[in-house]
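Structure first, commentary second.
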């Protein structure tokens, strides 16, 4: 035996500086030559504060947040932090993130449907890329068996909705009529005692726009009955509900019960993030976010302000947009017009609900949830056609030629019944304005991903048009998008773009890189400004909204515990 021929068992030191990690990556065919300026500064800023529990990294949509997140994750692995997890908003994004890691030459593990793709994560050699749903459901095997020492939250600016869905039990009359009927019967005397029996009856019917919320005492008095009802109907064996019920089972009396349009929703009025172990003191958390105009929704999601906010100046992600308003056309952007347009180009149609989706049945149908990622991949490869996004404002990347045209119909108000009650009945307009602004900004980022990207956006329907026509609302949007809205109004009015033919001509000029448009856009987007009073008003409101969100988090923790 020649023992001298054996390789050494001594491990060489691995770098933990994420910039240094990038420099030592293998030179693969599609590996980027260098980091962008914003990425470099974001990584250096995080490395200087790597011991902090909560670090928020803000970069424009399309500015390369994924590479930043992957290098941070690898840095934590190299530091020997146990169970590093990278959470994404959708399965499609898990796939994209894993592909980006492969492109960089960084090994990783994925988990989307109950199994790890390899054993690298379990043996401590890499990090795991998974979804918020897999990480935060009440029966999460990852959280139970592989509790994270470090976690990277991708798309942290929209995490509030995903975390809320993990704590929201929604029973629909059409899908579970017996259970829904028994819950309604349980609460009928309560709403009668409140003097709103008529509104309550209307809320049980999907045809009426009525929303009612039980008073806290009404829920507390019915805690045991409601819990037993849910158990008797097999809630703990239900393929979807059991994951939520695991969170709520011992906390029904700390929940809001809301009825609206043939559904009942049981969920905490404020997210109990401070009661979740993953937000404890021994976990390092990194939040990757698009540039935030307001931190209120961030605080609502995570129950805290970040210890450090890193927001490097950069113009990556500042794509070019022409925004046209369908209300300035006699028939708007009709279904016939969009169907004709999709025969020439690829079009994404974004709607807030399946009820809105029915309006586009003659153009295209939304894919089944189980087939969504595969359908989206097929659309990316097409030259023409339409793809329908239903209540999806994040996690969809269609950059450059994968799609340059989007139709937006209906305000993205979210699917939570509690949020509907806050907006329709309590008139919490400041809160709702911030939420809608964030979702609209995200919608505009679906097909407009990078500094050199460009596209056209067609606004259909009164509600979005009116919202974007109010400077008070627009002041809540990112500065570049504010300017693009002003420029779009000027272009449409100045050039009389008020017919199908003129819209087609405008789109063609944008897509064909018309020199006149490029010069005009370049000059005007630098000087376009909103009403200063409305900007100042939005800035003055911000600290109050953040303080309110912090108070909600503390109250939620106290009630939950």
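In the numbering used here, the protein residues as written are 644 to 1204. Backbone N, C-alpha and C fix where the C-beta goes; we use that ideal spot for every residue, glycine too. In this text, all values refer to a predicted model and were calculated from it rather than measured experimentally.
Beta-carbon spacing of residue i, residue j below 8 Å
i: residue 700; j: residue 793; result: no
i: residue 791; j: residue 926; result: yes
i: residue 962; j: residue 1094; result: yes
i: residue 1032; j: residue 993; result: yes
i: residue 908; j: residue 812; result: yes
i: residue 728; j: residue 770; result: yes
i: residue 967; j: residue 1128; result: no
i: residue 910; j: residue 1061; result: yes
i: residue 915; j: residue 1203; result: yes
i: residue 1188; j: residue 1106; result: no
i: residue 826; j: residue 866; result: no
i: residue 773; j: residue 730; result: yes
i: residue 706; j: residue 688; result: no
Simplified DSSP state of residue i, which is helix, strand or coil
i: residue 1152; result: helix
i: residue 968; result: strand
i: residue 930; result: strand
i: residue 1101; result: strand
i: residue 778; result: helix
i: residue 754; result: strand
i: residue 740; result: helix
i: residue 773; result: strand
i: residue 849; result: coil
i: residue 664; result: helix
i: residue 678; result: coil
i: residue 830; result: helix
i: residue 878; result: coil
i: residue 1021; result: helix
i: residue 1002; result: helix
i: residue 768; result: coil
i: residue 917; result: helix
i: residue 783; result: coil
i: residue 1200; result: helix
i: residue 1037; result: coil
Local Cβ density within 10 Å of residue i, reported as buried at 16 or more and exposed below that
i: residue 1158; result: exposed
i: residue 1133; result: exposed
i: residue 877; result: exposed
i: residue 775; result: buried
i: residue 833; result: buried
i: residue 1164; result: buried
i: residue 1146; result: buried
i: residue 835; result: exposed
i: residue 673; result: exposed
i: residue 974; result: exposed
i: residue 1183; result: exposed
i: residue 882; result: exposed
i: residue 1198; result: exposed
i: residue 854; result: buried
i: residue 656; result: exposed
i: residue 666; result: exposed
i: residue 698; result: buried
i: residue 875; result: exposed
Opening and closing residue of the beta strand (DSSP E) in which residue i lies
i: residue 1007; result: Unbroken run through residue 1007: none, as it is neither H nor E.
i: residue 697; result: 697-701
i: residue 1028; result: 1028-1033
i: residue 993; result: 989-994
i: residue 794; result: 793-796
i: residue 854; result: 854-856
Residue range of the unbroken alpha helix (DSSP H) whose run includes residue i
i: residue 729; result: First-last for residue 729: 727-731, but that is the beta strand (DSSP E), not the alpha helix (DSSP H).
i: residue 709; result: 708-721
i: residue 981; result: 978-985
i: residue 1117; result: 1114-1117
i: residue 890; result: 884-891
i: residue 1251; result: Because the chain in this structure spans residues 644 to 1204, residue 1251 falls outside the shown range and cannot be described.
i: residue 1135; result: 1122-1137
i: residue 804; result: 802-809
i: residue 870; result: 866-875
i: residue 657; result: Counting along the chain, residue 657 falls outside any alpha helix (DSSP H), and DSSP gives it neither H nor E.
i: residue 940; result: 939-945
i: residue 1041; result: Premise fails: residue 1041 is in no alpha helix (DSSP H) and is neither H nor E.
i: residue 1067; result: 1060-1067
Residues that residue i bridges to, as DSSP identifies them
i: residue 815; result: 906
i: residue 1052; result: 1103
i: residue 898; result: Paired residue(s): none; residue 898 is not in a bridge.
i: residue 963; result: 1097
i: residue 759; result: 754
i: residue 614; result: There is simply no residue 614 to check, as the chain begins at 644 and stops at 1204 in what is shown.
Within-8 Å CB hit, residue i to chain C
i: residue 946; result: You won't find chain C in this structure, because it holds only one protein chain.
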